[in-house]
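Read in order, the letters of the sequence shown are residues 4 to 352 in this note's numbering.
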Amino acid sequence: MSDSVNRRTFLGTAALAAAGTTIPGLLAASPPEAPWVARPQASKFAAVGSANGIISVRNAVELMQRGRDTLDAAVEGVKIVELDPADDSVGYGGLPNENGVVQLDASCMHGPSKRAGAVAALEGIKTPSEVARLILRYTNHILLVGEGAKKFALSYGFKEEDLLTPASREKWLRWRANRGSGDSWVDVPDKQPIGMEHTGTINLNVVNAKGEISSVTTTSGLAWKIAGRAGDSPIVGAGQYTDNEIGAAGSTGLGEANIMVCGGFLTVEHMRQGMAPTDACLATLRRVVAMTPPRLLDERGRPRYQLQFYAVNKAGVYGCAALFPTKYAACDATNGARTLDGAALFPGN
Ligand code: ASP
């Protein structure tokens, strides 16, 4: 192999083969084929993300197959869950901060145009992913926060609404009542142990038949967070990242742990070095563990929190890995939408 590009290509395909994820179109590309020979393609329409985004991955692939742009497909996919009052991890019905106020974070990237947009601590708007896309599309900025982000959304005709549902409000009231023995609230029975933070987010990474790539992440963040806290989801390079030449990756779980390694970016960089998506996610998780402060490690050196990464490469190969066993959602042209087991760095809970 004469140059580094060839070596990188070789390493990449070898890693894919080792992971049992051979891509016909990639591995069989070397001998020149007669024009009339059918050329096997990797599954080009692919979407991968968190398990709560099963409906999103299906919708995104259907939209891309109908010719919609990758970013629009991804945003329309997650929007379904943002608008669903039954999902308490994103958008409308998301669990609030410690004051009972829902503050939403989102970011997105569009590979072909190399643009990004994000919002943090956005209140009163059901679909932060759409606001992030507007910032990407119509401004020279990348991240708007709080009141400014809301005013920006209102200027585009979004309606300000109460994002608490009766169910999410009830959960917050219970948490508030049970928060501390020395406070003035009377404890109420609750199965949720005190101090345990609800988490939940949708990250979605997509690629179309032309190899165009986009990503989006949307969340209501950690439940009961300190007002104004922004997690990893609105941080481009942490919550999600796309490089149209390589692939896209994003995360769910404890955002602070992800921010410490810029995990979306790092996972894409691992793919650039030739790793298959699942291996790239695992490599990022090893960095996460190495960067975890001792107070967040148990006696065996394992993190006391969960963190997942999801990734897709330009060829349409996708994967997921987490600190502890997890499920993820994926959809491609061959297999349709399905829930799969991700790789885990540690067994058990
Ligand atoms: N990553 C999100 C955050 O830290 C939460 C989650 O994914 O559950 O805000």
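Glycine included, every Cβ here is placed at the ideal spot set by N, Cα and C.
Taking the straight line between their C-alpha atoms, what separation do you get for residue i and residue j?
| i | j | result |
| --- | --- | --- |
| H144 | A119 | 9 Å |
| T342 | G183 | 38 Å |
| A76 | G127 | 24 Å |
| P305 | R289 | Looking at the sequence provided, one finds Arg at residue 305 rather than Pro. Approximately 11 Å, taken between the alpha carbons. |
| G114 | L139 | 12 Å |
| P296 | G224 | 21 Å |
| D2 | E173 | In the structure displayed, the chain extends from 4 to 352; residue 2 sits before or after that span and is not available. |
| S53 | S92 | 11 Å |
| L98 | K317 | 35 Å |
| M374 | G240 | The requested residue 374 does not occur in the structure, where the chain is confined to residues 4 to 352. |
| R136 | Y331 | 24 Å |
| R298 | G160 | 45 Å |
| A212 | K117 | 18 Å |
| R232 | Y244 | 21 Å |
| G70 | D344 | 30 Å |
| R303 | F349 | 11 Å |
| I216 | F48 | 10 Å |
| I205 | V84 | 8 Å |
| G351 | A293 | 20 Å |
| V264 | G250 | 18 Å |
| A63 | E248 | 20 Å |
| Q311 | A170 | 26 Å |
| A336 | E65 | 9 Å |
| A324 | D186 | 41 Å |
| L300 | L326 | 12 Å |
| W227 | A346 | 29 Å |
| G258 | S236 | 7 Å |
| P328 | I57 | 18 Å |
| G103 | S158 | 26 Å |
| I238 | G256 | 14 Å |
Going by beta carbon distance, what residues of the same chain come within less than 7 Å of residue i, once the five residues before and after it are set aside?
| i | result |
| --- | --- |
| K82 | T130, S132 and E133 |
| A180 | W188, V189, D190 and V191 |
| L147 | V122, I138 and F155 |
| G267 | G240, A241, G242, Q243, Y244, A252, G253 and S254 |
| P35 | Note on P35: pLDDT 38, under 50, position unreliable in the model; no value is reported. |
| E164 | G127 and K129 |
| M67 | F48, T73, A76, V209 and N211 |
| P88 | Y95, G96 and T168 |
If you follow the alpha helix (DSSP H) that residue i is in, where does it begin and where does it stop?
| i | result |
| --- | --- |
| T62 | A quick correction: the sequence has Asn, not Thr, at residue 62. Here the alpha helix (DSSP H) through N62 covers I57 to Q68. |
| Y308 | Careful: Y308 lies outside any alpha helix (DSSP H) and carries neither H nor E. |
| R289 | P280 to A293 |
| S171 | P169 to A180 |
What are the residues that DSSP puts in a beta bridge with residue i?
| i | result |
| --- | --- |
| A340 | C334 |
| Y244 | A252 |
| H113 | R118 and S217 |
| N208 | V51 and S218 |
| Y321 | V315 |
| D108 | T222 |
| L348 | Answer by DSSP bridge pairing: none, since L348 is not bridged. |
| L300 | P306 |
| K123 | Checking the displayed sequence, the identity of residue 123 turns out to be Ala instead of Lys. Per DSSP, V148. |
| V239 | Q243 |
In terms of residue numbering, what span does the beta strand (DSSP E) encompassing residue i cover?
| i | result |
| --- | --- |
| T255 | G250 to G256 |
| R275 | That residue, R275, is in no beta strand (DSSP E); its alpha helix (DSSP H) goes G266 to R275. |
| V134 | From DSSP, V134 is part of no beta strand (DSSP E) but of the alpha helix (DSSP H) over P131 to Y141. |
| L74 | No beta strand (DSSP E) contains L74, which is instead part of the alpha helix (DSSP H) from T73 to E85. |
| L157 | Not the beta strand (DSSP E): L157 falls in the alpha helix (DSSP H), residues G149 to S158. |
Give me, in chain order, the residues of the same chain whose beta-carbon lies closer than 6 Å to that of residue i; leave out the 5 immediate sequence neighbours on both sides.
| i | result |
| --- | --- |
| D246 | V271 |
| L107 | L125, P131 and S223 |
| V219 | A77, V78, V81, C111, S132 and L207 |
| A356 | The question about residue 356 has no answer, for the chain in this structure spans 4 to 352. |
| R61 | C334 and A340 |
| G149 | A124 |
| A283 | T270, H273, M274 and A314 |
| G214 | K317 |
| V51 | N208, Y313, V315, Y321 and A333 |
| T287 | G266, L269, T270 and F312 |
Short of 8 Å in beta carbon distance, which residues of its chain neighbour residue i, apart from the five on each side in sequence? Order them along the chain.
| i | result |
| --- | --- |
| L86 | G94, Y95, K129 and T130 |
| I229 | N100 and E101 |
| I262 | G234, D235, I238 and A241 |
task: Quick one: residues with CB closer than 7 Å to any heavy atom of the ligand ASP, in chain order, please.
output: Result: S92, D108, T202, G203, T204, T222, G224, L225, G234, D235, S236, G242, S254, T255, G256, L257, G258, E259 and N261.
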